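Just so you know, the sequence shown maps onto residues 1 to 371 in UniProt numbering. A quick write-up on the structure given underneath.
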Amino acid sequence: MALLSSPLQIITSTPLATKCFVGALLGFSIANSYLQYSSHNPYEPIPYLTLVPGRSFIFPWTLLSAGFVEPHFVGLLVSLITVPASLRYLERLWGAFETAKFIAIVITASNLISFFISWIEYAVTGLDFFVYKIDYFGLTALQTGILVAFTQLIPEHQLQFFGSFKFRVKRLPMVYVTISNIACILGYQSPWILIQFGWLVSWAYLRFYKKTTDALSGIVTYGDRSETFAFIHWFPPFVHKPLSIVSTFVHDLAVRIRLIRPFAPSADDLETGVYSSLSTSQPGSARAEAERRRALALKALDSRLANSGASNPRPSGAGGRPGTSSRGAPPAAGPSAAGASTAANTANGSSGAHVSADQNKGKSKGPEEMS
1 MALLSSPLQI ITSTPLATKC FVGALLGFSI ANSYLQYSSH NPYEPIPYLT LVPGRSFIFP
61 WTLLSAGFVE PHFVGLLVSL ITVPASLRYL ERLWGAFETA KFIAIVITAS NLISFFISWI
121 EYAVTGLDFF VYKIDYFGLT ALQTGILVAF TQLIPEHQLQ FFGSFKFRVK RLPMVYVTIS
181 NIACILGYQS PWILIQFGWL VSWAYLRFYK KTTDALSGIV TYGDRSETFA FIHWFPPFVH
241 KPLSIVSTFV HDLAVRIRLI RPFAPSADDL ETGVYSSLST SQPGSARAEA ERRRALALKA
301 LDSRLANSGA SNPRPSGAGG RPGTSSRGAP PAAGPSAAGA STAANTANGS SGAHVSADQN
361 KGKSKGPEEM S
């Protein structure tokens, strides 16, 4: 009974969107295998289940259904082991609707980009191989998208492989993308190229479009404001400067043509704590809360120091000690400055030296953080 109750308990405890995902994966994969082995050519792709660029014009649903088709047993087994467990984690944080939307967007958009890429290759080379002999299928795009989501939520979490190899979660997407690049160079375009599109689509969605509603205030925001999730941080530091120029240009252009929303936090957001409530409503957003605290501390410090300078004018030479110039008198540490330092330390949760370091850091931030 224990052996039977354990799988039953797993099934009953699995959230709704993850259950539907597993059902779709098994259903489409089994149907594709049956239709292939029943046809005269078992290696011929099924154009109304997988995405064949030259034949799928009349089967638009293949943009989504192709993602749930794993024609090879090993690929199906790997997907069943890794993806549902990951989706369970995401669904408990995001809810069933947001998880299902994430799955649909990553799979559909990645397949759509692959569709156009194949037709561009056909137009350039004239080889019908790219539109009739290549079919796109599988969950490589979604697997990459899940790794990107984990990078957003738990970037510093360590995974251990084979007892000795350790990777931080935030490194795994680019490892996957590197494998994809090597496979594509060797001529294995499908399904490996989907990894690259899954990475880009999932990052863009989580960065700019994913809807987050604060449980307490009901305030809605879109995307992830944090600096550490910026595009340049996927790459080594030595390419950050040229990439920041390009990414800032693309970001500004996208804002100008209203593809994305500008989401720089305003002073009102910092004062009222809107940014705090939205960023701390999800696990993995401690970095965003720390950035908010630093910004609030610096704003309070600048305001108090400005008020202190206005209310405590420099004393004239007549009021000082005989023979002492007013220029040589040391500045008095007024109560306003002390209060500003205390407020800044309290908001930032660190010493005054840390506030100074954070102030320099805050002033050095560029517009590329938003892209």
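Just so you know, even glycine gets a beta-carbon here, dropped at the ideal spot from N, CA and C. On a predicted model such as this, the values are computed, not experimentally measured, just so you know.
Along the chain, where does the alpha helix (DSSP H) containing Lys101 start, and where does it finish?
Within the sequence shown, numbered from 1, the residue matching residue 101 stands at position 101. Note, Lys101: alpha helix (DSSP H), 96-125.
Counting Cβ pairs, one atom from each stretch, are 3 or more of them under 8 Å apart for the segment 66-82 and the segment 139-154?
yes
Would DSSP call Arg261 helix, strand or coil?
Here residue 261 is taken as the residue at index 261 of the sequence shown, counted from 1. Arg261 falls in the coil class under three-state DSSP.
So the candidates are Ala109, Val74, Asn41, Ile117; which of them puts its Cα closest to the Cα of Pro53?
Here residue 53 corresponds to residue number 53 of the sequence shown, with the count starting at 1. Selected option, being the one with the closest Cα: Ile117.
With a floor of 4 residues, list each alpha helix (DSSP H) that falls wholly inside the segment 172-257, ordered by position along the chain.
172-185, 193-204, 240-256
Buried or exposed, going by whether 16 or more other CB atoms sit within 10 Å of the CB of Thr125?
Within the sequence shown, the letter at position 125 stands for residue 125. Result: exposed.
Less than 8 Å between the beta carbons of Thr151 and Val169, yes or no?
The sequence position of residue 151 within the sequence shown is 151, counting from 1. The sequence position of residue 169 within the sequence shown is 169, counting from 1. The answer is yes: Cβ separation under 8 Å.
Would you mind reading off the limits of the alpha helix (DSSP H) that contains Lys19?
As a working note, residue 19 is residue 19 in the sequence shown. Start and end: 16-38.
Inspect the beta-carbon positions of Trp199 and Pro173 and report whether they are closer than 8 Å.
Against the sequence shown, residue 199 aligns to sequence position 199. Against the sequence shown, residue 173 aligns to sequence position 173. Their beta carbons are under 8 Å apart, which means Trp199 touches Pro173 by this criterion.
When you compare the CB positions of Arg256 and Phe229, do they come within less than 8 Å of one another, or not?
Locating residue 256 in the sequence shown gives position 256, counting from the first residue. Locating residue 229 in the sequence shown gives position 229, counting from the first residue. For Arg256 and Phe229, no; Cβs fall outside 8 Å.
Give me the residue from Ser308, Val175, Phe28, Ile105 with the minimum Cα distance to Thr50.
For the purposes of this step, residue 50 is taken as residue 50 along the sequence shown, with counting starting at 1. Minimum Cα-Cα distance from Thr50 among the listed residues Ser308, Val175, Phe28, Ile105 corresponds to Phe28.
Could you check if Glu91 is buried or exposed, using at least 16 other CB atoms within 10 Å of its CB as the buried criterion?
For the purposes of this step, residue 91 is identified with residue 91 of the sequence shown, where counting begins at 1. By the 10 Å Cβ count, Glu91 comes out buried.
Measuring CB to CB, does Leu63 end up less than 8 Å from Ile46?
Translated into positions along the sequence shown, residue 63 becomes position 63. Translated into positions along the sequence shown, residue 46 becomes position 46. At a Cβ-Cβ threshold of 8 Å, Leu63 and Ile46 do not count as neighbours.
Mapping the DSSP letters down to three states, classify Phe150 as helix, strand or coil.
Sequence index remark: in the sequence shown, residue 150 carries index 150 (1-based). When secondary structure is reduced to three states using DSSP, Phe150 falls in the helix class.
Let me check one thing: in DSSP terms, what residues is Arg168 bridge-paired to?
Here the question's residue 168 lines up with position 168 in the sequence shown. Answer is Gln158.
What I want to know is whether the C-beta of Ser33 ends up closer than 7 Å to one or more non-hydrogen atoms of the ligand ATP.
Inclusion of the ligand ATP in the displayed structure is not the case, the ligand content being empty and no account of it being possible.
Taking only the alpha-carbon atoms, compute the straight-line gap between Val22 and Gly75 and give it to the nearest angstrom.
Within the sequence shown, numbered from 1, the residue matching residue 22 stands at position 22. Within the sequence shown, numbered from 1, the residue matching residue 75 stands at position 75. So the alpha carbons of these two residues sit roughly 14 Å apart.
Could you tell me the distance, in whole angstroms, from the CA atom of Pro237 to the CA atom of Pro15?
Reading the sequence shown from its first residue, position 237 is the one you call residue 237. Reading the sequence shown from its first residue, position 15 is the one you call residue 15. Rounded to whole angstroms, the separation of the alpha carbons of Pro15 and Pro237 is 39 Å.
Specify the secondary structure class of Tyr43 as computed by DSSP and reduced to three states.
In the sequence shown, counting from the first residue as 1, residue 43 sits at position 43. DSSP places Tyr43 in coil when its eight states are reduced to three.
Grab the span of the alpha helix (DSSP H) containing Leu51 for me, first residue to last.
Counting from one through the sequence shown, the residue named residue 51 turns up at place 51. Premise fails: Leu51 is in no alpha helix (DSSP H) and is neither H nor E.
So, under 8 Å CB-CB, Val106 and Ser202 are touching, yes? Tell me the CB distance rounded to an integer number of Å.
Reading the sequence shown from its first residue, position 106 is the one you call residue 106. Reading the sequence shown from its first residue, position 202 is the one you call residue 202. Confirmed, about 5 Å.
Tell me whether the beta-carbon of Tyr209 lies closer than 8 Å to the beta-carbon of Tyr188.
For this step, residue 209 is matched to residue 209 along the sequence shown. For this step, residue 188 is matched to residue 188 along the sequence shown. No, they are not a contact pair.
How far does the alpha helix (DSSP H) with Leu139 in it reach, from first residue to last?
Counting from 1 along the sequence shown, the entry for residue 139 is found at position 139. For Leu139, no alpha helix (DSSP H) encloses it, and the DSSP letter there is neither H nor E.
Tell me the DSSP secondary structure of Pro71 in three-state form.
Position 71 of the sequence shown, counted from the first residue, corresponds to residue 71. Of the three classes helix, strand and coil, the one that applies to Pro71 here is coil, per DSSP.
Can you tell me whether DSSP reads Pro331 as helix, strand or coil?
Counting from 1 along the sequence shown, the entry for residue 331 is found at position 331. In this prediction, Pro331 scores a pLDDT of 44, lower than 50, which makes its location untrustworthy; no coordinate-derived value is stated.
Could you have a look at Ile11 and say whether DSSP puts it in helix, strand or coil?
Sequence index remark: in the sequence shown, residue 11 carries index 11 (1-based). Here Ile11 sits in helix by DSSP.
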